[in-house]
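Each residue of the sequence shown is one higher than the last, beginning at 241 in this note's numbering.
One structure is given below, encoded as structure tokens.
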Amino acid sequence: MVSRSPSAKRSSEQGLTILECLIAVAVLGLTVGLVLPPLVIASATRVQTRRAEQALQLAQGEVDRIRVLVERSQHQVASLPATIPTNRTDLENFGAPTGTLNQLKSPSACNRYTGQRLNVNQALMIDVDGDCNADFMMQVFRTPDLPGSTISQTEANLGQQGRPSDFRVGVRVYSIAAGRGNATQAYRTPGQALTGLLTEPASLSLTSGEQNQLRRPLAVLYTRMSWGDQDGTLCGYHGQRDAIDSCQDALN
241 MVSRSPSAKR SSEQGLTILE CLIAVAVLGL TVGLVLPPLV IASATRVQTR RAEQALQLAQ
301 GEVDRIRVLV ERSQHQVASL PATIPTNRTD LENFGAPTGT LNQLKSPSAC NRYTGQRLNV
361 NQALMIDVDG DCNADFMMQV FRTPDLPGST ISQTEANLGQ QGRPSDFRVG VRVYSIAAGR
421 GNATQAYRTP GQALTGLLTE PASLSLTSGE QNQLRRPLAV LYTRMSWGDQ DGTLCGYHGQ
481 RDAIDSCQDA LN
């Protein structure tokens, strides 16, 4: 009868040593450390891109609203954005908003915005998902009639009932946390002051934070509106008055 030594029996039943467990934990930690940062960055970038898309949709929607009014000849001054100072036509260099309107625009029952014009240095707080908490702020402004654009029915001649024939519109959409000292209060409190905002659009490069969105707009649109039903529009469009005979006849 052959007997087995105690050492052979222990060898067949031996498990992992402490050193092997530590090595396994180290390998697992290294793997997680290599995989987790790209996942965090990708997730943050996806969220930021989604916000930028929503902001662009808001800006484009406001531009389309104004364009429809112009095409229908319903763009009285009272229904258009407020104008920047009359001696300026450079929308791109016009300042960022310094405060918000004390109302919330929302698709739900908590909507308090009635469609009134904003001051050029005000932003409108907008809720896009219906939870009654603002998600974005929108600044809208325009130029008066551009030089050489008008003959009749202009805002200069008819005041609030006039209809400009050729003007430019600017729309900037910011994150709700932009320009706020307290981001938590920013979600729920309309009418607060805004500080330190810039006018150049935020970069959408790979990032794991929101620092770029805390001062810069997520979407910026500048566009020109021309009232095609107005006789003087073609004459003033892109400075073509001198090249069109009928425009010269109208001046004589």
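From the three backbone atoms N, C-alpha and C, an ideal C-beta is built for every residue, glycine too.
Under DSSP, residue 406 takes part in a beta bridge, and its partners are 466. Look at the beta carbons and you see the region 448-468 not touching the region 364-373: under three pairs across the two are nearer than 8 angstroms.
Residue 347 counts as exposed, since fewer than 16 other beta carbons sit within 10 angstroms of its beta carbon. Burial state of residue 384 is buried, judged by a 10 Å Cβ sphere holding 16 or more other Cβ atoms. Within the same chain, no Cβ atom closer than 7 angstroms to the Cβ of residue 275 is found once the five residues on either side in sequence are excluded. Cβ-Cβ distances below 7 angstroms link residue 307 to 465 in the same chain, with the five nearest sequence neighbours on each side left out; the list follows chain order. Per DSSP, the unbroken beta strand (DSSP E) holding residue 366 starts and ends at 362-366. DSSP places residue 352 outside both helix and strand once states are collapsed to three, so it counts as coil. In this structure, the beta-carbon distance from residue 331 to residue 403 does not fall below 8 angstroms.
Per DSSP, reduced to three states, the secondary structure at residue 415 is strand. In this chain, the beta strand (DSSP E) harbouring residue 382 covers 376-382. Judged by beta-carbon spacing, residue 416 lies beyond the 8 angstroms limit of residue 378, meaning their Cβ atoms are not closer than that value. In this structure, 432 is the residue among 455, 314 and 432 with its C-alpha nearest to the C-alpha of residue 339.
Counting along the chain, the unbroken beta strand (DSSP E) around residue 341 starts and ends at 339-345. Less than 8 angstroms divides the Cβ of residue 344 from the Cβ of residue 351. Note: residue 323 is bridge-paired with 382 in the DSSP secondary-structure output. Between residue 459 and residue 299 the beta-carbon gap is near 4 angstroms, inside 8 angstroms, which marks them as a contact. Nearest in C-alpha terms to residue 373, of all of 333, 271 and 349, is 349.
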